[in-house]
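**Q**
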Amino acid sequence: MDISSLAARASTVMSGKRNDDGLADRLNYRYTVGILVVFAIINMNRMYVDQIKCWVPAYFTPNYEEYVRSVCFVQNTYYIKPTEKVPKSLEVKRQNEILYYQWIPFLLLVKAFLFYLPRISWRFRMGIQIADLIESAFDYKLPTTNAVHRKMCLDYMVDTIDEYVDDHRRQKHSHDNINMFTRFFSTICCTTGRYLGNYLVVLYITTKLMYIFISLFQIFILSIMLKYMELF
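Note that the sequence shown covers residues 2 to 233 in this note's numbering.
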């Protein structure tokens, strides 16, 4: 057994399961989503339990103070440096408004959902239990596996893969039900399909592109909200 196979076996034991994805995928849909959800909960707790602090006149009663805090919370705030005076002009205040203060927890949850969206697409569209297929392949290669269980693993892998290989009988039956335009398009273009042998490859590449597009899209949206459009 070489070093690479030993490292793969060690990572399998540590992870507890054989994954049908890579580290980059798990970094997007598992770790990033977990971090965003945790920070959303922390931020929501601080915002709704311990709301924004406001300076009020000393003669305000507790009810007035609570009302002012509620108004400050739902209204847009604006930023000034500690060394600057509070501006009196409404136009200056609007230029420095912070539009995202109240929406931070919801934005974090939406970002978490977007990062998990490619994973949902991958699981629902692949149509094959790759994790079980990988598990069967590992069990088949283990020297401790008995002959009966090894044959069961082999039969399962053969039957599963057979559903996703080129079968002229199934393609002939499907060709009888498609129109002339679809036949012409599939002839001159590189098409994808369940029985063409490239379905999972195209779906995997599409999932990777979804991760990249969603990351760039979120950077773009955050730049708009933070008013840093000069980055683009």
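Ideal Cβ placement from N, Cα and C applies to all residues, glycine included.
This structure is a prediction, so every number in the text was calculated from the model and none was measured.
1) Y101 by DSSP, collapsed to three states: which one?
2) If you run the structure through DSSP and keep just helix, strand and coil, what is Y80?
3) Just checking, does the segment 31-50 make contact with the segment 101-116 on the three C-beta pairs under 8 Å criterion?
4) From this set, I220, M153, M211 and F218, which residue's C-alpha is nearest P119's C-alpha?
5) Would you say N44 and I99 are within 8 Å of each other, going by their C-beta atoms?
6) Report the three-state DSSP secondary structure of K86 (helix, strand or coil).
7) Our contact map puts M158 next to A138 with C-beta atoms below 8 Å; I'd like the distance itself, whole angstroms only.
8) Could you give the distance in angstroms between the alpha-carbon of E67 and the alpha-carbon of Y32?
9) Once DSSP output is grouped into helix, strand and coil, what is the label at P106?
10) In whole angstroms, what separates the C-alpha of Y101 from that of F74?
11) Following the continuous alpha helix (DSSP H) through F74, name the residue where it begins and the one where it ends.
12) For F218, count neighbouring C-beta atoms within 10 Å of its own C-beta (all shown protein chains included) and say buried if the count is 16 or more, exposed if not.
13) Please state whether the Cβ-Cβ distance between V57 and V72 is less than 8 Å.
14) So for K112, helix, strand or coil by DSSP?
15) Ordered along the chain, which non-local residues of its own chain (more than five positions away) have a Cβ less than 8 Å from that of F61?
**A** Answer, in terms of the structure:
1) coil
2) coil
3) yes
4) Ranking I220, M153, M211 and F218 by Cα distance to P119 puts M211 first.
5) no
6) coil
7) 6 Å
8) Rounded to the nearest angstrom, the two C-alpha atoms are 38 Å apart.
9) helix
10) 11 Å
11) P63 to V75
12) exposed
13) no
14) helix
15) The answer, listed in chain order, is V69.
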